[in-house]
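Working notes for the structure below.
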Amino acid sequence: MEGGGPDVIVVGDLMVDVSVAARALVTGGDVPGEVRIRPGGSGANAAVWAAAAGAHTHVYGRVGADLAGRLLRDAVEERGVEASLTVDAEARTGTLLVVRQDGERSMVADRGANGHLSPADLPARLRARAVLVSGYAFFDPGSEPAGVAALTRAEAPVVAVDPASWPLVEAYGSDRFLAATQGANLILANAREAETLTRLPVLEAASELAKRYGRACVKLGPEGAVLVQGGRMFSARAGVVEAEDTTGAGDAFDGALLAALARGAGPEGALEEACRAGSRAASSADNWPG
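Residue numbers for the sequence shown follow this note's numbering, so the first one is 1079 and each next one is one higher.
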């Protein structure tokens, strides 16, 4: 961006991901498996993929005053992301437990310091070519004001929000989420999230969300994605890959899409780049770009 500012700003969670892969779990017994610990979180994931796509990227978030928080900062900065992370002396760094079976996953989240992200952790103006705010911020009473503030303070041609989790959208309330995120002009949802928000089949949901936000992108997993804007629906196919771990694939899609839009790519080109990034993330147990 001219003047040295970032191309992409991300406001979202930074988490330590503990990934467990096992063929089956046995209640009260032991099973062999693979356990990995790695950096993650919706904000960190999207930011590193945006940076990998060539965007000058800045992430805002909150971590604990612990080893995990320091490691997360180092991890994103090593990937070329500028990080403004408030250190919370009273909360631990967020942790996500991911149990993987057959390429899909179940998750247990302890948002920790992420749940205390506040408007004071953000600058008065979020100036960039594209700003992404994770929906997770809205679902915790402690961080909800920060989510609203991020959208209000965004000064960018593209201001995007990702609902992040259909069960959390459902618990929070679809109408409430739509009202809270009215400052966005692009929504990045997966199929289940889009259907939950509109109570419509997925393609109809994409069109309905575009009417509200101006633009709507719906991620369809192995089927690719669609983007609706200006009354037109654009689509792209996902690459053919064997899913190793789908955790973070949607975040990778988001980061690559915003990086492409930030440099002026058209809707079809941006979708294709985003689908490639999502496929790469899903096909790797590490999830971050190599």
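Backbone N, C-alpha and C define an ideal beta-carbon position, used for all residues, glycine too.
Residue i to residue j, Cα distance in whole Å?
| i | j | result |
| --- | --- | --- |
| Asn1123 | His1134 | 15 Å |
| Ala1146 | Arg1189 | 13 Å |
| Ile1265 | Ser1357 | 20 Å |
| Gly1142 | Arg1310 | 44 Å |
| Arg1116 | Gly1251 | 32 Å |
| Ala1208 | Leu1298 | 22 Å |
| Glu1168 | Asp1152 | 21 Å |
| Ala1128 | Leu1204 | 17 Å |
| Ile1087 | Phe1216 | 18 Å |
| Leu1195 | Ala1227 | 11 Å |
When DSSP labels each residue in this structure, what does residue i get in the three-state scheme?
| i | result |
| --- | --- |
| Ala1205 | Here residue 1205 is Arg; the residue named in the question, Ala, does not match the sequence. Note: Arg1205 maps to strand in three-state DSSP. |
| Glu1155 | helix |
| Arg1358 | helix |
| Arg1315 | coil |
| Ser1221 | coil |
| Ser1196 | coil |
| Ala1100 | coil |
| Thr1171 | coil |
| Ser1243 | coil |
| Leu1163 | strand |
| Arg1183 | strand |
Apart from the five residues just before and just after residue i, which ones in its own chain have a Cβ nearer than 7 Å to its Cβ?
| i | result |
| --- | --- |
| Arg1290 | Leu1256 |
| Gly1248 | Reading the sequence as shown, one finds Glu at residue 1248 and not Gly. Only Thr1274 meet the Cβ criterion. |
| Ala1288 | Ala1294, Val1306, Gln1307 |
| Asp1199 | Tyr1138, Arg1140, Thr1164, Ala1224 |
Let me confirm a value: residue i is counted as buried when at least 16 other C-beta atoms fall within 10 Å, else exposed. Which label applies?
| i | result |
| --- | --- |
| Ser1184 | exposed |
| Arg1230 | The sequence given here has Thr at residue 1230, not Arg. Its Cβ having fewer than 16 others within 10 Å, Thr1230 is exposed. |
| Ala1125 | buried |
| Thr1173 | buried |
| Thr1276 | buried |
| Ala1103 | The sequence shown places Leu at residue 1103, rather than the Ala named in the question. Exposed. |
| Glu1155 | exposed |
| Glu1346 | exposed |
| Thr1105 | exposed |
| Arg1101 | exposed |
Once the 5 residues before and after residue i are set aside, which same chain residues still bring their CB inside 6 Å of it?
| i | result |
| --- | --- |
| Arg1369 | The question about residue 1369 has no answer, for the chain in this structure spans 1079 to 1368. |
| Glu1160 | His1136 |
| Ser1285 | Val1306 |
Enumerate in chain order the residues of its own chain whose CB-to-CB distance from residue i is below 8 Å, with the five nearest sequence positions on each side excluded.
| i | result |
| --- | --- |
| Gly1132 | Ala1337, Arg1341 |
| Glu1350 | Ala1314 |
| Pro1279 | Glu1273 |
| Thr1171 | Leu1092, Met1093, Val1094, Val1141, Gly1142, Asp1144, Ala1146, Gly1147, Leu1150, Gly1190, Ala1191 |
- [ ] Starting from the N-terminal side, write out each stretch of the alpha helix (DSSP H) that is 4 residues or longer and does not extend beyond the stretch 1115-1149.
- [x] 1120-1130
Open item on the list: My parser needs the beta strand (DSSP E) runs of 3 or more residues fully inside the stretch 1262-1312; what are they?
Closed with: 1264-1268, 1293-1297, 1303-1307
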